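Protein chains in written order, with the numbering used here: chain A, 29 to 560; chain B, 48 to 231. Where is the CB? At the ideal position from N, CA and C, for every residue including glycine. As the structure is a computational prediction, the values presented were derived from the model and not from experiment.
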Amino acid sequence: MSTAAAHDDHHHHAPTGLKRWLFSTNHKDIGTLYLWFSFAMFMTGGLLAMVIRTELLEPGMQFVDPEFFNQMTTVHGLAMVFGAVMPGFVGLANWMIPLMIGAPDMALPRMNNWSFWILPFAFLILLSSVFMSAFGAGNPAAPNFGWTFYAPLSTEYGPASTDLFILSVHMMGISSIMGAINVIVTVFNLRAPGMTLMKMPLFVWTWLITAFLLIAVMPVLAGAVTMMLTDRHFGTSFFNAAGGGDPVLFQHVFWFFGHPEVYIMILPAFGIISAIIPTFARKPLFGYASMVYATASIALLSFVVWAHHMFTVGMPLAGTLFFMYMTMLISVPTGVKVFNWVATMWRGSMTFELPMKWAIAFVILFTCGGLSGLMLAITPVDFQYHDTYFVVAHFHYVLVSGAVFSMFAAAYYWLPKWSGVMPNKLLGELHFWSSLISVNLLFFPMHFVGLAGMPRRYADYALQFADYNFWISIGGFWFGLSQLLFLAVCVLCAMKKGEKAPARSWEGADGLEWEVPSPAPFHTYDTPPVVK
Amino acid sequence: MSEHNLQQRNQRTLRKLLIWAVAMFGFAFAMVPFYDVICDITGLNGKTSTTASTDGPSKVVEDRTVTVEFITQRGDGVGGDFTAATRRVEVHPGEITLVNFFASNPKSSDIITQSIPSVSPGEAARYLHKTQCFCFDQQSLAAGERKEMPMIFYLDPELPRHINTLTLSYTIFDVTDRVAATNN
Numbered sequence: 029m030s031t032a033a034a035h036d037d038h039h040h041h042a043p044t045g046l047k048r049w050l051f052s053t054n055h056k057d058i059g060t061l062y063l064w065f066s067f068a069m070f071m072t073g074g075l076l077a078m079v080i081r082t083e084l085l086e087p088g089m090q091f092v093d094p095e096f097f098n099q100m101t102t103v104h105g106l107a108m109v110f111g112a113v114m115p116g117f118v119g120l121a122n123w124m125i126p127l128m129i130g131a132p133d134m135a136l137p138r139m140n141n142w143s144f145w146i147l148p149f150a151f152l153i154l155l156s157s158v159f160m161s162a163f164g165a166g167n168p169a170a171p172n173f174g175w176t177f178y179a180p181l182s183t184e185y186g187p188a189s190t191d192l193f194i195l196s197v198h199m200m201g202i203s204s205i206m207g208a209i210n211v212i213v214t215v216f217n218l219r220a221p222g223m224t225l226m227k228m229p230l231f232v233w234t235w236l237i238t239a240f241l242l243i244a245v246m247p248v249l250a251g252a253v254t255m256m257l258t259d260r261h262f263g264t265s266f267f268n269a270a271g272g273g274d275p276v277l278f279q280h281v282f283w284f285f286g287h288p289e290v291y292i293m294i295l296p297a298f299g300i301i302s303a304i305i306p307t308f309a310r311k312p313l314f315g316y317a318s319m320v321y322a323t324a325s326i327a328l329l330s331f332v333v334w335a336h337h338m339f340t341v342g343m344p345l346a347g348t349l350f351f352m353y354m355t356m357l358i359s360v361p362t363g364v365k366v367f368n369w370v371a372t373m374w375r376g377s378m379t380f381e382l383p384m385k386w387a388i389a390f391v392i393l394f395t396c397g398g399l400s401g402l403m404l405a406i407t408p409v410d411f412q413y414h415d416t417y418f419v420v421a422h423f424h425y426v427l428v429s430g431a432v433f434s435m436f437a438a439a440y441y442w443l444p445k446w447s448g449v450m451p452n453k454l455l456g457e458l459h460f461w462s463s464l465i466s467v468n469l470l471f472f473p474m475h476f477v478g479l480a481g482m483p484r485r486y487a488d489y490a491l492q493f494a495d496y497n498f499w500i501s502i503g504g505f506w507f508g509l510s511q512l513l514f515l516a517v518c519v520l521c522a523m524k525k526g527e528k529a530p531a532r533s534w535e536g537a538d539g540l541e542w543e544v545p546s547p548a549p550f551h552t553y554d555t556p557p558v559v560k
Numbered sequence: 048m049s050e051h052n053l054q055q056r057n058q059r060t061l062r063k064l065l066i067w068a069v070a071m072f073g074f075a076f077a078m079v080p081f082y083d084v085i086c087d088i089t090g091l092n093g094k095t096s097t098t099a100s101t102d103g104p105s106k107v108v109e110d111r112t113v114t115v116e117f118i119t120q121r122g123d124g125v126g127g128d129f130t131a132a133t134r135r136v137e138v139h140p141g142e143i144t145l146v147n148f149f150a151s152n153p154k155s156s157d158i159i160t161q162s163i164p165s166v167s168p169g170e171a172a173r174y175l176h177k178t179q180c181f182c183f184d185q186q187s188l189a190a191g192e193r194k195e196m197p198m199i200f201y202l203d204p205e206l207p208r209h210i211n212t213l214t215l216s217y218t219i220f221d222v223t224d225r226v227a228a229t230n231n
């Protein structure tokens, strides 16, 4: 495997056209590929969500049959988690980590190329079953068991395409593990002289910890789908009660992966927000060291809370209490972060450019999602909330107005560095306000219908939920369409249409990435900068 | 640092991380026996012992009565009835009790079945001893056969005081194909 330094020898024959992207070992190009791929998956997953919201616009069955509806909820979740959020953060890591620590490239550029190019094929395999389903091949043609693919729904009762799903999850896992290894090797071995660990920007810190989480749990997910595969075809009984296995075991294995996965999707967001708020508050980040320790403790705690997803399976009292207290404990380091962001803004010379707007929206809405999470952590209460729209509201608040908003913030913040032009202000403002209002119209009422008992993953609902669901659907369509504005902003930047961006694109911006020109040249930091 | 050194360091870090990833893949499988051990200790999944208990109860606690309920479920592919002769019995801990279960096979071919027990609350699973149970072995049902399947049990006299009712659930599965697959 070639190192970044060896790679520099090839400076002068940079391939052009399609080959530039197919064979790229450049962290900026690969980052761009990741980001566009993530956006494409975001729109694809969004389209599936539109089908869900169309069916739920009115009570009764109107547009799709329940079987197809189940496929929509399943593939929507998978596309968003594994296709939009995770690759989006990997794209940001690729672009920004080498720039932030003064490295010429990622440490393992060829592996970097491979880890990206596996992804489109993984999703081609997964989505092919949806196309087959939409055009009437087989019933059901696509996975229909929810993104959590609980056994026995995905083993004994899974459709034939479950095997496609298993293969694609394996590929996504390999891609993420390689991406994570690359981040760790880069951060450990390629930091510029003087860039000590405790001088690293928080985005690098949060990604380093995320990468460790990925290496720890993606193989467990691979193990879970492997067990599913052997249960389905090779006569094992890991999850099959008839053969002496236990379906509940599946939930333990899955959530041992699944809970750290939740933090994999939010820790890099914390890093982004910790970069943006100091810039526009024109103050250094409050409590840098405590942010690092809080991130690390969230990561550690994430391994001992998994069973809070399964309080209702029947657990000894001591077990539920343990998982309940551990879960509530996570709100302490998370609270440290939120207070640090607020303290950073306190008496700062704040201005409200686009990245800052998204970052503040993140802080407020993510905290809403965190609070409903705290409610869900309380075992007796969870018995009522379990598998209702309250849960759906909770995780969409932390994932959409949390993780996704942070990626919008990151895009507006670093687009000048990526493209060399400032993102279009008018379109950006429209995108922000439109998304902010619609996301709340979309997800806030879900709390109410959830508390009133509307179960998730159903294609129909009782009449009493009709009004709320109508408005939720309107919010959904509105939020979905708003993202076309973001597409327009990105396309304008890619076409270099807009105000030219200076190297330090934002007045208060601090960090090595702002020392290089905008757009960042193809090769940066061939000779490492010296960090004072 | 020379370029060669850096390459070596990168390779070293890469190798360590790969080993870790492979180990975590193994850990997923290690969770299976680990889960079984935890279940044995805590009764987490309500499984009762799969072998007959040989030593009888030490005593009968006459002054205590516990309700034992029986529920039966049919797993995938079992077409016939599966019922218990009685829905509930009142027993003293230590008292040996026989309950008959019935299974029928309306199909025109013989089937092999396996019944899986589960006790709720799981905590009580350890205190339910069976001296004989149809669930210990696979039961074959000839075409059209209706079979009486006895189960003899007693509750441990040490059953914790707060457990007044326990539910024993049996799910019957058709394992004909599975058995055929292993025999080939």
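Any non-hydrogen atom of the ligand GDP closer than 7 Å to residue i Cβ
{"i": "B/PRO80", "result": "Here there are no bound small molecules, and the ligand GDP is not part of this structure."}
Where residue i sits in the DSSP three-state scheme
{"i": "A/ASN468", "result": "helix"}
{"i": "A/ILE237", "result": "helix"}
{"i": "A/TYR321", "result": "helix"}
{"i": "B/ILE250", "result": "No answer is possible for residue 250 of chain B: the residues shown for chain B start at 48 and end at 231."}
{"i": "B/GLU137", "result": "strand"}
{"i": "A/THR416", "result": "strand"}
{"i": "A/PHE285", "result": "helix"}
{"i": "B/SER96", "result": "coil"}
{"i": "A/HIS38", "result": "Its pLDDT being 47, under 50, A/HIS38 is placed unreliably in this model, and the coordinates cannot settle the point."}
{"i": "A/MET29", "result": "Summary for A/MET29: the model assigns pLDDT 38, below 50, so the residue's position carries little reliability, and this model does not support an answer."}
{"i": "A/PRO126", "result": "helix"}
{"i": "A/THR102", "result": "helix"}
{"i": "B/THR130", "result": "strand"}
{"i": "A/PRO483", "result": "strand"}
{"i": "A/LYS227", "result": "helix"}
Cβ of residue i within 8 Å of any chain B Cβ
{"i": "A/VAL566", "result": "For chain A, the structure presents residues 29 to 560; residue 566 of chain A sits outside this window and is missing."}
{"i": "A/LEU257", "result": "no"}
{"i": "A/GLY251", "result": "yes"}
{"i": "A/MET343", "result": "yes"}
{"i": "A/PRO137", "result": "no"}
{"i": "A/VAL333", "result": "no"}
{"i": "A/ASN140", "result": "no"}
{"i": "A/ALA244", "result": "yes"}
{"i": "A/GLY263", "result": "yes"}
{"i": "A/VAL118", "result": "no"}
{"i": "A/PHE18", "result": "The structure shown has nothing for residue 18 of chain A, since chain A only spans 29 to 560."}
In DSSP terms, what residue i is bridged to
{"i": "B/TYR201", "result": "B/HIS176"}
{"i": "B/MET196", "result": "B/PHE148"}
{"i": "B/TYR217", "result": "B/THR119 and B/PRO164"}
{"i": "B/VAL113", "result": "B/VAL138"}
{"i": "B/SER187", "result": "B/ILE159"}
{"i": "B/THR212", "result": "B/THR114"}
{"i": "A/LYS47", "result": "The partner list for A/LYS47 (beta bridge, DSSP) is empty, contrary to what the question assumes."}
Chain A contact for residue i (CB, 8 Å cutoff)
{"i": "B/TYR82", "result": "yes"}
{"i": "B/VAL79", "result": "yes"}
{"i": "B/ILE163", "result": "yes"}
{"i": "B/GLU116", "result": "no"}
{"i": "B/SER96", "result": "no"}
{"i": "B/ASP157", "result": "no"}
{"i": "B/ASP184", "result": "no"}
Just checking, does the region 367-380 of chain A make contact with the region 402-416 of chain A on the three C-beta pairs under 8 Å criterion?
-> Two segments are said to touch when three or more pairs of C-beta atoms, one from each, lie closer than 8 Å; by this definition the region 367-380 of chain A does not touch the region 402-416 of chain A.
Listed from N- to C-terminal order along the chain, which residues in the region 266-299 of chain A have their beta-carbon within a distance smaller than 9 Å of any beta-carbon of chain B?
-> Those residues of the region 266-299 of chain A that come within reach of chain B (Cβ to Cβ, closer than 9 Å) are PHE266, ASN268, ALA269, ALA270, GLY271, GLY272, GLY273, ASP274, VAL276, LEU277, HIS280, VAL281, PHE284 and PHE285.
Are there three or more Cβ pairs, one per stretch, closer than 8 Å when the region 307-323 of chain A is compared with the region 528-542 of chain A?
-> The answer is yes - the region 528-542 of chain A touches the region 307-323 of chain A, with three or more Cβ pairs under 8 Å.
Give, in chain order, every residue of the region 204-221 of chain B whose Cβ lies closer than 7 Å to some Cβ of chain A.
-> Flagged, chain order: THR218 and PHE220.
Count the CB pairs spanning the region 121-136 of chain A and the region 541-552 of chain A that are closer than 8 Å, and state whether there are at least three.
-> Counting C-beta pairs with one atom in each stretch, the region 121-136 of chain A and the region 541-552 of chain A have three or more that are closer than 8 Å, which means they touch.
Given 8 Å, three or more beta-carbon pairs between the region 76-87 of chain B and the region 228-242 of chain A | No: fewer than three Cβ pairs fall under 8 Å.
Interfacial residues, the region 226-239 of chain A to chain B, with Cβ spacing under 7 Å | From the region 226-239 of chain A, no residue has a Cβ closer than 7 Å to chain B.
Would you call the region 448-464 of chain A and the region 494-510 of chain A touching, i.e. three or more CB-CB distances under 8 Å?
-> Short answer: they touch.
Is the region 320-339 of chain A close to the region 133-149 of chain B, with three or more CB pairs under 8 Å?
-> Counting C-beta pairs closer than 8 Å gives fewer than three between the region 320-339 of chain A and the region 133-149 of chain B, which falls short of the contact rule.
Relative to chain B, which residues along the region 455-486 of chain A have a C-beta separation below 8 Å, given in chain order?
-> Legend: CB atoms of the region 455-486 of chain A lying less than 8 Å from CB atoms of chain B are not found in any residue.
Are at least three pairs of beta-carbons, each pair with one atom in the region 133-150 of chain A and one in the region 65-77 of chain B, less than 8 Å apart?
-> Segment contact: the region 133-150 of chain A against the region 65-77 of chain B, fewer than three CB-CB distances shorter than 8 Å; contact not assigned.
Would you list, in chain order, the members of the region 199-212 of chain A that have their beta-carbon closer than 7 Å to a beta-carbon of chain B?
-> Shown in chain order are the members of the region 199-212 of chain A whose Cβ falls below 7 Å from a Cβ of chain B: ILE205, ILE209 and ILE212.
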